[in-house]
Amino acid sequence: MTEFMVRAAADVCAWSGTLTPAQAGASQDIIQTINRQRPLLVWAVTGAGKTEMTFPAVAAVLASGGMVGYASPRIDVCNELFPRLQRAFPTVASTLLHGQQTQGYAGEQLVVCTVHQLLRFYHAFQLLIVDEVDAFPMVNSRLLHAAVRSALLPTGAKVYLSATPDRKLLYQARHGEIDVTYLARRFHGYPLPVPRCHWCRQTTLTTSLRPLLAVVGQYRQQFVPVMIFVPTVPLLTTIVERIHHRWPQIKVAGVHANDSHRIEKIQAFRQGQTTVLVTTTILERGVTIGGLQVIVWQACHQHFQANALVQVAGRAGRADWQPDGNVDFFYHRYTLAIAEAIRQIKKMNRRGGV
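Position one of the sequence shown corresponds to residue 1 (UniProt numbering), numbered consecutively onward.
Now the structure itself:
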């Protein structure tokens with residue numbers, strides 16, 4: 001096993017931000033779980049600042065010479081996490097590992113990777129943080145959960161981060177198998193956006209698209225970024241073509257799981273080079289854009305389960321300078337998933353006192 005330098009925690013972390021009292025409480029729980037050697041679930045709403053809450057614990061482990069791993073089932077989450085962690089820990093050797101990267105592990109102390117990449121490691125990490133633990137393909141995967149256990153040192157600490165924990169995690173929490181800390185409020189103190197619901201005829205959702213184009217037209221006048229979530233790739237292609245035909249000056253792009261230019265398109269959207277991004281649920285997590293407005297077209301489709309709708313809605317209102325982004329659900333059937341997603345969002349707002 002590689003030996004790393006021991007130094008003061010203050011020399012490791014360069015992040016100069018300040019945690020809110022709620023974040024600080026959750027951060028302290030993460031530090032304590034290192035000593036208790038018990039798994040911890042951080043159940044925090046989307047936009048709560050989960051990554052920043054882990055910094056004190058990460059700094060402590062890195063300063064003591066231990067290895068830290070950030071793992072997620074989603075490549076896009078890893079791609080967003082890595083530069084943030086590089087900025088927070090600039091003097092620590094770090095690496096990003098996933099299937100679209102060409103380089104391998106070369107002894108770095110801080111590892112950001114997809115959960116599949118943990119199969120490369122055995123008893124390596126003093127602290128292993130699994131972000132979006134409920135996301136596909138990790139949910140219900142015995143192999144990937146076993147990879148997490150195997151990659152962790154016997155004396156290591158395991159922390160799960162999620163806004164929508166699955167049934168297994170909730171069961172473990174109820175039966176005292178894992179500790180839980182809650183954060184029901186976003187870092188800026190504003191509530192989660194509650195989706196606005198719009199009933200449409202079936203033909204409107206599949207062919208007319210008139211309400212969708214009307215909302216996009218409104219946002220076009222406000223010069224704000226827009227994400228449109230759709231259930232299928234053919235519908236994605238149709239919507240991109242219709243928006244481009246209606247407003248040739250709008251820079252619109254479509255992204256899905258098999259898109260070979262996905263990383264470049266997401267980066268262009270982050271940098272403001274693209275105004276409208278049409279996507280499948282592949283981007284329900286891991287993309288944070290200031291001032292973002294969210295539309296879910298055909299929210300009644302079976303691909304949009306309650307957890308996915310909560311995550312999608314959580315893309316909006318994350319910036320402190322514009323914390324009240326809009327979320328619009330368009331559907332022809334008010335499904336149980338839609339009702340459950342809205343119920344969860346309202347419940348977390350009540351729990352957060354907002």
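In this text, a Cβ means the ideal position worked out from N, Cα and C, and glycines have one as well.
Which of helix, strand or coil DSSP assigns to residue i
| i | result |
| --- | --- |
| A93 | coil |
| Q305 | coil |
| I228 | strand |
| Q23 | helix |
| L235 | helix |
| V287 | coil |
| D259 | coil |
| V276 | strand |
| G217 | helix |
| A319 | strand |
| A337 | helix |
| V252 | strand |
| H198 | strand |
| D324 | coil |
| Q293 | strand |
| F330 | strand |
| L212 | helix |
| V12 | coil |
| A268 | helix |
| residue 426 | Here the chain has residues from 1 to 354 only, and residue 426 is not among them. |
| H188 | coil |
From the options, residue whose alpha carbon lies closest to that of residue i
| i | options | result |
| --- | --- | --- |
| R196 | L40, D328, T51 | D328 |
| S72 | A63, T114, R38, V92 | T114 |
| A184 | T164, E177, L169 | T164 |
| R246 | S208, I266, T279, A268 | S208 |
| R333 | G353, C300, A308, V354 | C300 |
| I345 | V224, E264, I250, L192 | L192 |
| L128 | G176, H145, V255 | H145 |
| T46 | I34, A124, Y182 | Y182 |
| R74 | V92, L96, T91, A59 | L96 |
| D147 | R120, T275, D166 | Note that residue 147 corresponds to Ala in the displayed sequence, not to Asp. Out of R120, T275, D166, R120 has the C-alpha closest to the C-alpha of A147. |
| E52 | A306, Q23, D166, N79 | Q23 |
| V216 | I289, N326, P231 | N326 |
| A14 | K50, I34, R315, P56 | P56 |
| F136 | T20, I250, A257 | A257 |
| V68 | V77, I34, Y219, R285 | I34 |
| H123 | A93, V130, A157 | A157 |
| H116 | F125, Q126, H198, A151 | A151 |
| residue 427 | G189, L236, T54 | The structure shown does not extend to residue 427, since the chain is modelled only from 1 to 354, so the question has no answer here. |
| V354 | Y105, F187, Q302, V180 | F187 |
| F304 | S94, A173, T335 | T335 |
| L153 | L118, I263, V77, V180 | L118 |
| D76 | P211, R262, L309 | R262 |
C-beta neighbour in chain B for residue i, strict 8 Å
| i | result |
| --- | --- |
| L143 | Of the protein chains in this structure there is only one, and it is not chain B. |
Environment of residue i [buried if 16+ CB atoms lie within 10 Å]
| i | result |
| --- | --- |
| D324 | exposed |
| N349 | buried |
| D320 | exposed |
| N79 | buried |
| T298 | Residue identity differs from the one stated: residue 298 is Gln in this sequence, not Thr. Its Cβ being crowded by 16 or more others within 10 Å, Q298 is buried. |
| residue 362 | Because the chain is modelled from 1 through 354, residue 362 falls outside the range shown and cannot be assessed. |
| P21 | exposed |
| E132 | buried |
| A60 | buried |
| F223 | exposed |
| Y171 | exposed |
| A339 | exposed |
| E177 | exposed |
| S260 | exposed |
The region 130 to 147 touching the region 88 to 104, judged by at least three CB pairs closer than 8 Å:
no
Any chance you could list the alpha helix (DSSP H) runs of at least 4 consecutive residues sitting entirely within the UniProt domain "Helicase ATP-binding" (31 to 183), in chain order?
50 to 53, 55 to 63, 75 to 88, 142 to 151, 167 to 174
Is it true that the region 224 to 239 meets the region 286 to 295, where meeting means three or more beta-carbon pairs spaced less than 8 Å apart?
yes
Is the region 80 to 88 touching the region 38 to 50, taking contact as three or more C-beta pairs under 8 Å?
no
Count the CB pairs spanning the region 260 to 279 and the region 200 to 207 that are closer than 8 Å, and state whether there are at least three.
no
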